[in-house]
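Numbering (the working numbering), first residue to last: 3 to 189.
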C-alpha cells in the first residue's frame with residue numbers, strides 16, 4: 003500500500019472513531035459476566051464503548067513501542083508508551099469492574115488486536131510511521147487527537163467513575179499531544 007493510500011485509510015479510520023466502525027465490531031467481545039461490585043450496570047452499547055477505549059489505549063501503546071524500537075533516538079515514544087500502559091491498566095480495571103469480557107485480549111502481544119478495525123489501524127499507523135521519524139511523530143499526534151475525541155464521546159451517559167477515569171485519560175492524552183507537537187517542531 004503506498005503512503006498516500008495508507009494516510010487516506012488512516013484518516014478515515016481515525017475520523018470514524020468510536021462512533022462508527024469500531025462499535026460495529028465490538029459487541030461480540032464486550033459481553034461478559036457481571037462480576038463487578040458496582041451497583042450500576044452498563045448497557046451493551048456502553049460496554050462496547052468501554053471495550054473499544056481499552057483496545058484503543060493498547061493501539062497507542064503498541065504503536066509507540068513499535069515506532070520507538072525503530073527510532074531509538076526519539077525519547078518521546080519511550081516515555082509515552084509507559085503512560086499508555088497505565089491508561090490500559092485503568093481501562094482494564096473498568097472493564098473488569100463492569101463485567102466486560104476482555105479474555106480474548108493478550109496485552110503481551112504487541113501489535114495483535116481482536117477487533118479487525120483496530121488491527122488494521124495499528125498496521126496502518128506503523129506502516130506510515132516507518133516512512134520517516136517525522137511521519138512517526140505525526141502518527142503519535144493523530145492518535146492522541148483521536149483518543150481525546152473518543153474519550154469525550156465515550157464518556158457521555160457513563161457512570162461517574164467511568165467519566166472520572168476517562169477524564170484522567172483525556173488529560174494524559176493532552177500531555178502526550180503536547181509532547182508530540184514539541185517533538186514535531188524539533189524534527
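C-beta: ideal position from N, C-alpha, C; glycine also.
(request) Just the C-alpha distance for residue 39 and residue 85, rounded to the nearest angstrom, thanks. (result) Its pLDDT being 45, under 50, residue 39 is placed unreliably by the model, and nothing is read from it.
(message) For residue 183 and residue 83, what's the separation of their Cα atoms in angstroms?
(response) Computed Cα separation, rounded: 16 angstroms.
(message) Just to confirm the assignment, what range does the alpha helix (DSSP H) spanning residue 75 have?
(response) Taken as a continuous stretch (DSSP letters only), residue 75 belongs to no alpha helix (DSSP H), as it is neither H nor E.
(message) Quick check: the Cα distance between residue 120 and residue 46, rounded to an integer number of angstroms?
(response) Note on geometry: alpha-carbon atoms of residue 120 and residue 46 lie some 19 angstroms from one another.
(message) Counting beta carbon pairs with one atom in the stretch 108-122 and one in the stretch 53-67, are three or more of them shorter than 8 angstroms?
(response) The stretch 53-67 and the stretch 108-122 touch, with no fewer than 3 CB-CB distances between them shorter than 8 angstroms.
(request) Compute the Euclidean distance between the alpha carbons of residue 29 and residue 48, then round it to the nearest angstrom. (result) Low local confidence applies: a pLDDT of 42 at residue 29 is under 50, so the model's placement there is unreliable, with the coordinate-based value given in what follows. Going by the C-alpha atoms only, they are around 10 angstroms apart.
(request) Kindly indicate which three-state DSSP category residue 118 falls into: helix, strand or coil? (result) DSSP places residue 118 in helix when its eight states are reduced to three.
(message) Measuring alpha carbon to alpha carbon, tell me which residue in 43, 44 and 58 is nearest residue 124.
(response) For residue 124, the nearest C-alpha among the options comes from 58.
(request) Look at the alpha carbon of residue 50 and the alpha carbon of residue 154, and state the distance between them as a whole number of angstroms. (result) Rounded to whole angstroms, residue 50 and residue 154 show a C-alpha spacing of 15 angstroms.
(request) May I ask you to verify whether the stretch 159-173 touches the stretch 84-98, counting CB pairs closer than 8 angstroms and requiring at least 3? (result) The answer is yes - the stretch 84-98 touches the stretch 159-173, with three or more Cβ pairs under 8 angstroms.
(request) Return the chain-ordered list of same chain residues with a C-beta closer than 8 angstroms to the C-beta of residue 139, the five sequence neighbours on each side being excluded. (result) Within the same chain, and ignoring the five residues on either side of residue 139 in sequence, the residues whose Cβ sits closer than 8 angstroms to its Cβ are 76, 78, 182, 185, 186 and 189.
(message) As an exercise, report each continuous beta strand (DSSP E) stretch of at least 3 residues that is fully enclosed by the stretch 127-178, in chain order.
(response) List check, beta strand (DSSP E) in window: nothing returned.
(message) Please return the same chain residues whose Cβ sits closer than 6 angstroms to the Cβ of residue 176, not counting the five positions on each side in sequence.
(response) Once the five neighbours on either side are set aside, residue 176 has no close Cβ partner at all.
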